[in-house]
Amino acid sequence: MSFAAWIDASLGSGIARHFMKPYNEKLWTVPLEELTCDWMGRFVPSTSLECILNGALADQSSNAGYNATFSYPLRGGIEALPRAFAAGLANVHTNCELVRLDVAAKQLHFKNGQKACFDRLVTTMPLPALIRSVSDVPGVVREAAQQLRYTSVCNINLGINRNVTDKHWIYFPEPEYCFYRAGFSHNVSPNQAPEGCSAIYVEVGYSDWKPLNRSGLVEQVKTGLVQTGLLTPDDRILAELCLEIPCAYVIYDRHHRPCSEIVRTYLRENGIVSIGRYGAWEYSGMEDAIWQGRLAAEEIMG
Ligand SMILES: Cc1cc2nc3c(=O)[nH]c(=O)nc-3n(C[C@H](O)[C@H](O)[C@H](O)COP(=O)(O)OP(=O)(O)OC[C@H]3O[C@@H](n4cnc5c(N)ncnc54)[C@H](O)[C@@H]3O)c2cc1C
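If you read the sequence shown in this note's numbering, its first letter stands for residue 121, the second for the next number, and so on.
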């Protein structure tokens, strides 16, 4: 069953038309008929008529969805998490871009000219990029990797001179807004913005199938936020930062399962453990990445 068919069958045409389809088309950037339901798991909670009515009529705080409660560092943003892990390690090298992986020689070549050898390799690089770097990759694996599709996200961060909302994040299915979600990290930790100010992130999805027109994008986002009522024309923008996430969401189409399996089996047979959201080529979060890291370490250490 396609994701589109699942929406119609499970939620009905009203919710499909007003939220599920327009929102997910923005997020996934491809027709929902092309998506399978393999990714849904905890990310699309099942519901009931009673829950839907309750959610529509009351500002309710039931535990709906996988992210109704969550943890977040009090200080340092989410970056505090990798910093805490790195604090216990001595030999972390950053700004080393892998450009060639010689599987037969078990050698890594980096853009800065450095080389490294490995017996076992743990990688979290996006699978298509990793396979592109393999010098001696079998044709069947290269072709499988070429079938793996993904979306990108342009993340527009704004600092505003007042508290614009008490929400954590809001979804925007409406076609008039180029973004699909906006979040307010000052409501997650008070240290995310100066007192009385807001830290807003706005996410715009794009891909080879829905290219992004970057000219005037930030202005378009600001205008959209005013139209939603979140910002007013008088608000002062104190900070502005655009960040790109080139590989953001793995697209679960009919090639996803067989092709990622071919690629990961090849890597595993060559002592390469590919994990995390982009290494396992899946829809997952940070807790999954940390857990998979632990399992990989345990496996390698026997
Ligand atoms: C828009 C968005 C919102 C999200 N929100 C949440 C959330 O609220 N909660 C949550 O738990 N998760 C969230 N996630 C998912 C979370 O970001 C990932 O699960 C997590 O970052 C995966 O960690 P990782 O270490 O496996 O991979 P990554 O964090 O992607 O690390 C992979 C690393 O590989 C590096 N790399 C790539 N190519 C090369 C190369 N050639 N050479 C060397 N290095 C390379 C990259 O620079 C990157 O640092 C979100 C993801 C997105 C895109």
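C-beta atoms are modelled at their ideal positions from N, C-alpha and C, and glycine is treated no differently.
Since we're looking at a predicted model, the values are computed, not measured.
Check                                                                                                                                           : Outcome
I believe S394 touches L268 by the beta-carbon criterion, under 8 Å. Please report the beta-carbon distance rounded to the nearest angstrom.    : That pair is no contact at about 12 Å.
Quickly, what does DSSP pair A319 with across the bridge? List them, please.                                                                    : G279
Is the CB-CB distance between A480 and P378 below 9 Å?                                                                                          : Past the edges of the chain, shown from 121 to 422, lies residue 480, and the structure says nothing about it.
Quick one: grab the DSSP three-state call for F230.                                                                                             : strand
Tell me whether G399 is buried or exposed, calling it buried when 16 or more other Cβ atoms sit within 10 Å of its Cβ.                          : buried
Measuring alpha carbon to alpha carbon, tell me which of C237, V242, A204 ends up nearest M421.                                                 : V242
Measure from the alpha carbon of W401 to the alpha carbon of each residue in W126, D256, A249, then state which is nearest.                     : A249
Counting along the chain, where does the beta strand (DSSP E) carrying A302 start and finish?                                                   : 301–304
Decide yes or no for the touch test of the region 293–311 against the region 275–285: beta carbon pairs closer than 8 Å, at least 3 of them.    : yes
L218 to L228, Cα distance in whole Å?                                                                                                           : 7 Å
How far does the beta strand (DSSP E) with W289 in it reach, from first residue to last?                                                        : 289–291
Output yes or no for whether 9 Å exceeds the beta carbon distance between G325 and T271.                                                        : yes
Run through DSSP, which three-state label would D408 get?                                                                                       : helix
Since L209 and S253 are thought to touch, with beta carbons under 8 Å apart, how far apart are those beta carbons, to the nearest angstrom?     : L209 to S253, Cβ: 24 Å. No contact.
Work out the CA separation of S335 and Y143 for me, nearest whole Å.                                                                            : 23 Å
Where does E153 sit, in a helix, a strand or coil, going by DSSP?                                                                               : helix
Mind pulling the alpha helix (DSSP H) runs of 4 or more residues that sit fully within the region 305–374?                                      : 337–348
So which of C237, A207, L351, D179 has the shortest CA-CA distance to I320?                                                                     : L351
Within 10 Å of its beta-carbon, does H376 have 16 or more other beta-carbons around it, so buried, or fewer, so exposed?                        : buried
Is R269 close to ligand 1? I mean its beta-carbon at under 8 Å from any heavy atom of the ligand.                                               : no
Alpha carbon to alpha carbon, how far is L152 from S122? Give it in angstroms, no decimals.                                                     : 7 Å
If contacts are defined as beta-carbon pairs under 8 Å, then V341 and V322 qualify, I think. What distance do you get, rounded to the angstrom? : 5 Å
May I have the straight-line CA-CA distance separating A302 from L278, to the nearest angstrom?                                                 : 11 Å
Do the CB positions of R397 and G405 come within less than 9 Å of each other?                                                                   : yes
Going straight from the alpha carbon of S130 to that of T189, what length do you get?                                                           : 25 Å
To the nearest angstrom, how far is it from the Cα of D128 to the Cα of L147?                                                                   : 18 Å
Should L218 be listed as close to ligand 1, given that the test is whether its C-beta is under 8 Å from any heavy atom?                         : yes
Need the endpoints of the beta strand (DSSP E) that I392 sits in, please.                                                                       : 392–394
With C379 as the anchor, note down where its alpha helix (DSSP H) starts and where it stops.                                                    : 376–389
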